[in-house]
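As given, the protein sequences belong to chains A and B, one line each in that order. For the first sequence, the positions run 1 to 281 when full-length UniProt numbering is used. For the second sequence, the positions run 1 to 281 when full-length UniProt numbering is used. Let me begin by presenting the structure, written as structure tokens, before commenting on it.
Number of protein chains: 2
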Amino acid sequence: MRDGDRALPFDDRGLSYGDGLFETVLVRDGKPVLWEEHLARLEEGCRRLELTMPKPADLNGIFANIPLFQQPLAVLKLILTRGSGGRGYRPPWPSDCRLRYRLTPFSPDEERWHRGVRIRRCSLRLGIQPRLAGIKHLNRLENVLARSEWNDDAIAEGLLCDSDGRLVEATSMNLFWQRQGRLETPRLDRCGVAGTLRQALLDRLPIQEVNAGVAVLEEAEALWLGNSVQGIWPVIALNNIDGTGGLTWALNETHRHLQNHAHRLLGYPLIQSPQPGDATP
Amino acid sequence: MRDGDRALPFDDRGLSYGDGLFETVLVRDGKPVLWEEHLARLEEGCRRLELTMPKPADLNGIFANIPLFQQPLAVLKLILTRGSGGRGYRPPWPSDCRLRYRLTPFSPDEERWHRGVRIRRCSLRLGIQPRLAGIKHLNRLENVLARSEWNDDAIAEGLLCDSDGRLVEATSMNLFWQRQGRLETPRLDRCGVAGTLRQALLDRLPIQEVNAGVAVLEEAEALWLGNSVQGIWPVIALNNIDGTGGLTWALNETHRHLQNHAHRLLGYPLIQSPQPGDATP
């Protein structure tokens, strides 16, 4: 792990152009969680950007000398850039990619598992760019701007639509809902990040990828946010762009169903079904 | 100038998210060219991203100890990032911005001034994001992907439209044309980079900012690309996306008119009007 996070030269294309990819991986007892899904997304990102995928030995080597913290959980942030060189935007060929990583101790926000979260709509609309949709590239100014829209810590996340008004994701999590008994998540072929937890759930549960505007949430029996690090947060309130209350949901068995599927995948404790009166939307 | 280009830490937000801005400045005899325009764009970028604008003393200090090369021309690349910190996408407040820069000797491509250039249409469409339009931010994967579409050195640049099919720019230059005697350039309120040479020309000449599809070029009497480093290249041929020839232009007095306006601003030599037979589209 030593020197995995050493500084990057001024001319690294990751800095100059965001010309690279990243992964944020939950690490439990020194072992990466959903590692296959992370590798698959990294590989898809390399294919789309024509980057050289790191050798399996280099990636697995990260975990050979991993430092163990006082606690069993950590997050590995991994950054792969196209390295230095090229003339302006034109990439060098072949590229000499640069891999950096850093491990940080981590604790999930357990209260949000149990009580659910309040979120709001963001006014920023994601630009539509099929060439970059789904992959976890380093061009994340839209997410930064969207996350800058509120300071209230009682609001956990912000809901993002694309410039055509279709639901996409939250600023750092994917979106799931149930309507008429069916699980759905936004299709991510035009923008957004296809999370590894989302992929693992899609592979195991009958979740439909759909094109839908925010109005679909008025019919939703349950709404969740999720990613591979935090697990799944049930949403109990969705505020409008102006901050006023819009939709609310009471925590229910449905919420716990998807949540516990995800928590089994991530090794998190199962959440007990709420008793009447638990929900406080 | 010493250490202006020292390495950046792993957790710099410019690397993690492209959370920052850059400027590429022509430097003549140790003095920046169109410096006011560069400062104005940097300031507008800081306003939009809520970054702290560097102090004038820090910016002007760059030129106090500038190394002089054998030749009078150089390019200064300046990168301003939001620095380290913040929780995920959420920016730290206040941010401790990081300024880096590097000076490189430079020679413009004079042959392209005189003979003009062949360009092609790119298949990539720029995503529409008014919040980032015009400023020179570090999220430039679209430009990298567009510039990767061709390898033929005989093709100087690629023409970019947005996802609605409107003309925007070339991968690293702005676009100007004349039709029915009027100078026009694409409006850049939805995507694209508002170049400093473009701004300086808009301030001095009757150039109209317009919304137009690529069909407008069929009516154009002249087409140019330009930026503050290379000056102005007349376009003599525009290939289709499949690489086949589309539109051609003979070099003419009109071409030299805008070109010499720009070259006076940049301190480049004036270009003589072509003699009949000079143009080889």
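Yeah, the Cβ is synthetic: ideal placement off N, Cα and C, and Gly gets one too.
Beta-carbon neighbours of residue i, restricted to chain B and to distances below 7 angstroms
i      : result
A/R131 : L124 and L145
A/P9   : A7
A/G127 : G127, I128 and Q129
Which listed residue (the options) has its alpha carbon closest to that of residue i
i                      : options                           : result
A/E142                 : B/P130, B/R147, B/N143 and B/W150 : B/P130
A/F63                  : A/E50, A/C97, A/E184 and A/R102   : A/R102
A/E149                 : A/I241, A/Q199 and A/E218         : A/I241
A/E184                 : A/L167, A/E209 and A/L205         : A/E209
residue 299 of chain A : A/G158, A/L21, A/L201 and A/A170  : Only positions 1 to 281 of chain A appear in this structure, which leaves residue 299 of chain A out of reach.
B/P269                 : B/P108, B/L175, B/R48 and B/S84   : B/P108
B/G181                 : B/R190, B/V193, B/T171 and B/A220 : B/A220
B/T248                 : B/K55, B/H38 and B/V117           : B/V117
A/G14                  : A/R28, A/A133, A/C97 and A/E23    : A/C97
B/G267                 : B/Y17, B/P72 and B/R41            : B/P72
A/A170                 : A/N151, A/D189, A/R147 and A/A154 : A/R147
A/P9                   : A/G231, A/T196 and A/S84          : A/S84
B/S172                 : B/A154, B/Y17 and B/T24           : B/T24
A/P32                  : A/G61, A/P186, A/G4 and A/Q70     : A/G61
B/L238                 : B/G192, B/C122 and B/H255         : B/C122
B/G245                 : B/H257, B/E218, B/H255 and B/A74  : B/E218
A/N211                 : A/R47, A/H38, A/V168 and A/R179   : A/V168
B/G4                   : A/G4, A/D11, A/R6 and A/D5        : A/D11
B/R178                 : B/E111, B/N252, B/D164 and B/K136 : First, the residue type needs correcting, since residue 178 of chain B is Gln and not Arg in the sequence shown. It is B/N252.
B/G192                 : B/I207, B/S273 and B/S163         : B/S163
A/A40                  : A/A194, A/P206, A/I207 and A/T254 : A/A194
A/S273                 : A/R115, A/R48, A/P56 and A/I207   : A/R115
B/R28                  : B/E111, B/Q70 and B/R87           : B/Q70
B/G86                  : A/N151, A/T254, A/M53 and A/G86   : A/N151
Assumed close pair residue i, residue j - CB separation to whole angstroms, cut-off 8 angstroms
i      : j      : result
B/P91  : A/V144 : 6 angstroms
A/L159 : A/R120 : 7 angstroms
B/L42  : B/L21  : 6 angstroms
A/D140 : B/Y89  : Asp is not the amino acid found at residue 140 of chain A; the sequence shown has Arg there. That pair is a contact at about 7 angstroms.
B/P234 : B/A222 : 7 angstroms
B/L59  : B/S95  : Actually they do not touch by this definition, with Cβ atoms about 17 angstroms apart.
A/R82  : A/A133 : Not really, about 20 angstroms apart at Cβ, beyond 8 angstroms.
B/R100 : B/I79  : 5 angstroms
B/L26  : B/V229 : 5 angstroms
B/G226 : B/A250 : In fact, because the Cβ distance is near 19 angstroms, the residues do not count as touching under 8 angstroms.
B/W113 : B/F176 : With a Cβ gap of about 15 angstroms, B/W113 and B/F176 do not count as contacting.
A/I232 : A/Q199 : With a Cβ gap of about 14 angstroms, A/I232 and A/Q199 do not count as contacting.
A/C161 : A/R125 : 6 angstroms
A/L34  : A/L197 : 7 angstroms
A/F106 : A/A156 : Incorrect: roughly 17 angstroms between the Cβ atoms, too far for contact.
A/G18  : A/I66  : 28 angstroms between Cβ atoms; not a contact.
A/E37  : A/I135 : The Cβ separation is near 13 angstroms, so there is no contact.
B/A7   : A/A7   : 4 angstroms
A/R256 : A/I236 : Incorrect: roughly 13 angstroms between the Cβ atoms, too far for contact.
Residues that residue i contacts on chain B, provided the C-beta gap is smaller than 8 angstroms
i      : result
A/H137 : L141
A/D96  : Under the 8 angstroms cutoff, chain B gives no residues; its nearest Cβ is about 16 angstroms from A/D96.
A/R204 : Correct list: empty, because the minimum Cβ distance to chain B is about 27 angstroms.
A/R102 : F10 and D11
Residue i: contacting residues in chain A (beta-carbon distance under 7 angstroms)
i      : result
B/G83  : Ordered by position in chain A, no residue passes the 7 angstroms Cβ test against B/G83, which lies about 13 angstroms from the chain.
B/E50  : S148
B/S172 : G88 and Y89
B/S163 : I128
Neighbour list for residue i in chain A, Cβ cutoff strictly below 8 angstroms
i      : result
B/P91  : V144, R147 and S148
B/V243 : Reading off the sequence, residue 243 of chain B comes out as Gly, not Val. What B/G243 touches in chain A: nothing, since even the nearest Cβ is about 17 angstroms away.
B/D19  : R140, L141 and V144
B/G267 : Those within 8 angstroms of B/G267 in chain A number zero; the least Cβ separation is about 22 angstroms.
Interface partners of residue i on chain B, CB under 9 angstroms
i     : result
A/I79 : F10, L15 and S16
Near the ligand GDP: residue i beta-carbon under 6 angstroms from a heavy atom
i      : result
A/G226 : The model depicted lacks the ligand GDP and carries no ligand whatsoever.
message: Residues of the region 179 to 195 of chain A in Cβ contact with chain B at a cutoff of 7 angstroms, in chain order, please.
response: none
Within the region 185 to 272 of chain A, ranges of the alpha helix (DSSP H) (whole runs, at least 4 residues): 196 to 204 and 253 to 266
message: Please give me, in chain order, every unbroken run of the alpha helix (DSSP H) with length at least 4 that falls completely inside the region 127 to 157 of chain B.
response: 141 to 147
- request: Entirely within the region 29 to 115 of chain A and at least 4 residues each: give me those alpha helix (DSSP H) ranges in chain order.
  value: 35 to 49, 56 to 61 and 110 to 115
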